[in-house]
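Trainee:
Right, dumping it as structure tokens:
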């Protein structure tokens, strides 16, 4: 009888430990409401940004066909970066035409100075190939990442957005920490 009680106590401890491990694993994988994790990867480096819903990021680049500066404004929400506005600037005249969202695809190809607000297009991943002219820069949380400097001509930069999870934040922290370690 004593052996049976001892075996039952051991089984109870095992069940409690298993439950605790499952609880910890579930909490690490559960999304944090109201936060988006943005990862930016180049061949040389990675960056991680935790954005609250509503925080903005700005991508600027020079259009190689028309030589215009382009601004694309993104807003973090629900694990995505939402494209909310696009502006092609005419630096000579300063004039910018207000355009509708339905005209946006055509205006990207035909050029001209325009601004479109209220695009509301979600992105979870965007890949950039770096050319000789564009000089794309991504501004988020007070930092600016110059893609051409980081990836070089012909290089690739990938921006990923996902719901923030504790496990992803731990991984991001480990990668950021590793970037600061000296290599022997």
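In this note's numbering, the protein residues as written are 1128 to 1311. The beta carbon of each residue, even a glycine, is placed where N, CA and C say it ideally should be.
1. Can you tell me whether DSSP reads residue 1233 as helix, strand or coil?
2. Looking at residue 1208: is its Cβ nearer than 7 Å to the Cβ of residue 1175?
3. Residue 1173 CB to nearest chain D CB: under 7 Å?
4. Is residue 1200 near the ligand FAD, going by C-beta to nearest heavy atom under 6 Å?
5. If you run the structure through DSSP and keep just helix, strand and coil, what is residue 1293?
6. When the Cα atoms are used, what is the spatial distance from residue 1301 to residue 1193?
7. Tell me the DSSP bridge mates of residue 1212?
8. Using a 10 Å radius around the Cβ and a threshold of 16 neighbouring Cβ atoms, would you call residue 1276 buried or exposed?
9. So, with DSSP's three-state summary, where would you put residue 1298?
10. Taking C-beta to C-beta, are residue 1264 and residue 1187 nearer than 7 Å?
11. Reducing DSSP to helix, strand and coil, say where residue 1262 ends up.
12. Name the DSSP beta bridge partners of residue 1267, please?
13. Comparing C-alpha positions only, which one of 1214, 1189 and 1184 sits nearest to residue 1313?
14. Check whether the stretch 1254-1268 and the stretch 1288-1297 touch, using three or more Cβ-Cβ pairs below 8 Å as the test.
15. So, using beta-carbon positions, are residue 1183 and residue 1202 closer together than 7 Å?
16. If you draw a straight line from the C-alpha of residue 1297 to the C-alpha of residue 1177, how long is it?
17. Spatial neighbours of residue 1283 within its chain, please: C-beta separation below 8 Å, excluding the five flanking residues on both sides.
18. Buried or exposed: which applies to residue 1204, given that a residue is buried once 16 or more other Cβ atoms fall within 10 Å of its Cβ?
19. Between the alpha carbons of residue 1200 and residue 1234, how many angstroms are there, rounded?
20. Using 7 Å as the threshold, is the C-beta distance between residue 1223 and residue 1240 below it?
Mentor: In this structure, then:
1. What you label residue 1233 is simply residue 106 of the chain shown in a count that begins at 1. Helix.
2. Indexing the chain shown from 1 puts residue 1208 at position 81. Indexing the chain shown from 1 puts residue 1175 at position 48. No, they are not a contact pair.
3. Chain labels in this structure do not include chain D; a single protein chain is all it has.
4. The ligand FAD is absent from the structure shown, which contains no ligands of any kind.
5. To locate residue 1293, count along the chain shown from 1; it is residue 166. For residue 1293, the three-state secondary structure derived from DSSP is helix.
6. Looking up residue 1301 in the chain shown gives position 174. Looking up residue 1193 in the chain shown gives position 66. If you take the alpha carbons of residue 1301 and residue 1193, they lie about 42 Å apart.
7. In the chain shown, counting from the first residue as 1, residue 1212 sits at position 85. Residue pairing for residue 1212: DSSP places it in a beta bridge opposite 1200 and 1244.
8. The residue you call residue 1276 lines up with position 149 of the chain shown. Exposed, because fewer than 16 other Cβ atoms sit within 10 Å of the Cβ of residue 1276.
9. Counting from 1 along the chain shown, the entry for residue 1298 is found at position 171. Residue 1298: helix per DSSP, three-state reduction.
10. Taking the chain shown and counting its residues from 1, the one referred to as residue 1264 is at position 137. Taking the chain shown and counting its residues from 1, the one referred to as residue 1187 is at position 60. Their beta carbons are under 7 Å apart, which means residue 1264 touches residue 1187 by this criterion.
11. Taking the chain shown and counting its residues from 1, one reaches residue 1262 at position 135. Three-state result, residue 1262: coil.
12. Numbered from 1 along the chain shown, position 140 holds the residue referred to as residue 1267. According to DSSP, which records beta bridges pairwise, residue 1267 is partnered with 1184 and 1270.
13. This structure cannot speak to residue 1313, because the chain is shown only from 1128 to 1311.
14. In this structure the stretch 1254-1268 does not touch the stretch 1288-1297; the number of beta carbon pairs closer than 8 Å is below three.
15. The residue given as residue 1183 occupies position 56 in the chain shown. The residue given as residue 1202 occupies position 75 in the chain shown. Remark: C-beta atoms of residue 1183 and residue 1202 approach each other more closely than 7 Å.
16. As a working mapping, residue 1297 is identified with position 170 in the chain shown. As a working mapping, residue 1177 is identified with position 50 in the chain shown. Rounded to whole angstroms, residue 1297 to residue 1177 spans 12 Å at the Cα level.
17. Sequence index remark: in the chain shown, residue 1283 carries index 156 (1-based). Within the same chain, 1169, 1170, 1254, 1255, 1256 and 1257 come within 8 Å of residue 1283 by CB-CB distance, once the 5 residues on both sides are set aside.
18. Your numbering for residue 1204 matches position 77 in the chain shown. Buried, by the Cβ-count rule.
19. On the chain shown, residue 1200 is found 73 positions in, with the first residue counted as 1. On the chain shown, residue 1234 is found 107 positions in, with the first residue counted as 1. If I take the Cα positions, the gap works out to 16 Å.
20. By 1-based counting over the chain shown, the position of residue 1223 is 96. By 1-based counting over the chain shown, the position of residue 1240 is 113. Closer than 7 Å, so yes.
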